[in-house]
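Undergrad:
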Amino acid sequence: MSARGAAAVTAGLLLGGLLAGCGIPTTGVVEAGEPATGVHQDVVLYFVSAQHGALSTVRRRADSRVDAAMAVRMLLAGLAPFEQKMLGLTTDLPPATATVRTHGGAVTVDLSTAAGRLAGAAVDQVVCTVRGAFAGAGAVTVTVTVGGVPAAGSHRDAPCAVGDAVWWPGTPGVPTGKPRGPVSGR
6 MSARGAAAVT AGLLLGGLLA GCGIPTTGVV EAGEPATGVH QDVVLYFVSA QHGALSTVRR
66 RADSRVDAAM AVRMLLAGLA PFEQKMLGLT TDLPPATATV RTHGGAVTVD LSTAAGRLAG
126 AAVDQVVCTV RGAFAGAGAV TVTVTVGGVP AAGSHRDAPC AVGDAVWWPG TPGVPTGKPR
186 GPVSGR
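Note that the working numbering has the sequence shown beginning at 6, numbered continuously upward.
1. Excluding sequence positions up to five away, which residues of its chain have a Cβ less than 8 Å from the Cβ of Val145?
2. On the CB-based measure, 16 or more other CB atoms within 10 Å of its CB, does Gln56 come out buried or exposed?
3. For a minimum of 3 consecutive residues, which ranges assigned as the beta strand (DSSP E) are wholly contained in the region 45 to 117?
4. DSSP state of Val131, grouped into three classes?
5. Is Val154 buried or exposed, if buried means 16 or more other CB atoms sit within 10 Å of its CB?
6. Could you say which of Asp129, Thr150, Leu123 lies nearest to Ser54 if we only look at CA atoms?
7. Spell out the partners DSSP gives Val151 in its beta bridges.
8. What separation, rounded to the nearest whole angstrom, lies between the Cα atoms of Gly143 and Asp72?
9. Using only CA atoms, which one of Thr95, Val131, Leu80 lies nearest to Ala66?
10. For Asp115, which of Ala85, Gly125, Val147, Gln89 has the nearest alpha-carbon?
11. Between Phe52 and Val105, what straight-line distance do the alpha-carbon atoms span, to the nearest angstrom?
12. Would you say Asp97 and Ala120 are within 8 Å of each other, going by their C-beta atoms?
13. With DSSP run on the structure shown, which of helix, strand or coil describes Gly168?
14. Here's the rule: buried if 16 or more other CB atoms are within 10 angstroms of the residue's CB, otherwise exposed. What is Arg64?
15. Use the C-beta contact count for Leu60: other C-beta atoms within 10 angstroms, 16 or more gives buried, fewer gives exposed.
16. Spatial neighbours of Gly125 within its chain, please: C-beta separation below 7 Å, excluding the five flanking residues on both sides.
17. Measure the C-alpha to C-alpha separation of Gln46 and Asp68 and round it to an integer number of angstroms.
18. Spatial neighbours of Gly83 within its chain, please: C-beta separation below 7 Å, excluding the five flanking residues on both sides.
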């Protein structure tokens, strides 16, 4: 390197050092709160009160956007044993898998189960849970089928109380009181 080049490099380093120390104080670690954990969405699932037979709601938190298919999967997963015991809830849904098809404002939930028929409360559980997943999105028609055959009562008014669920301290959800009135399953 020539003397001229060495002088230019030295001058650049000195100038950089002077500009770096232009009166801006150094800082320590800046606390900015908890790290981001992602988007969470609540979903209201409908179960049956073991004592009264009426629908009761349990609120769950999901780590991703909840659509009708996810809400039905969460419903079919059922309740934890402590929820059944402490909250007095059960389900009228038999063990099943579901195929959920959505087309505009119409949702079809086809359950694959060994049980050929569904109790009315089981149909209501599915209808209300799906409608809850679409809360605020306008009217939704929900059809429940078993093996492709429409379930009895699939289109009747279901006693849904969308949005009433409250959290049970330290657990995923808690039931609410009695439903407040009918919401159409159509």
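All residues carry an ideal CB built from backbone N, CA and C; glycine is no exception.
TA: From the atom records:
1. Gly110, Ala111, Val112, Val135, Arg136, Phe139
2. exposed
3. 46 to 54, 60 to 67, 102 to 108, 111 to 117
4. helix
5. exposed
6. Asp129
7. Leu116, Val154
8. 15 Å
9. Note that residue 66 is Arg in the sequence shown, not Ala. Measuring from the Cα of Arg66, the nearest candidate turns out to be Leu80.
10. Val147
11. 19 Å
12. no
13. Residue confidence for Gly168 is low, a pLDDT of 44 falling below 50, so the modelled location carries little weight; the figure read from the coordinates is stated next. Of the three classes helix, strand and coil, the one that applies to Gly168 here is coil, per DSSP.
14. buried
15. buried
16. Gly158
17. 7 Å
18. Thr96
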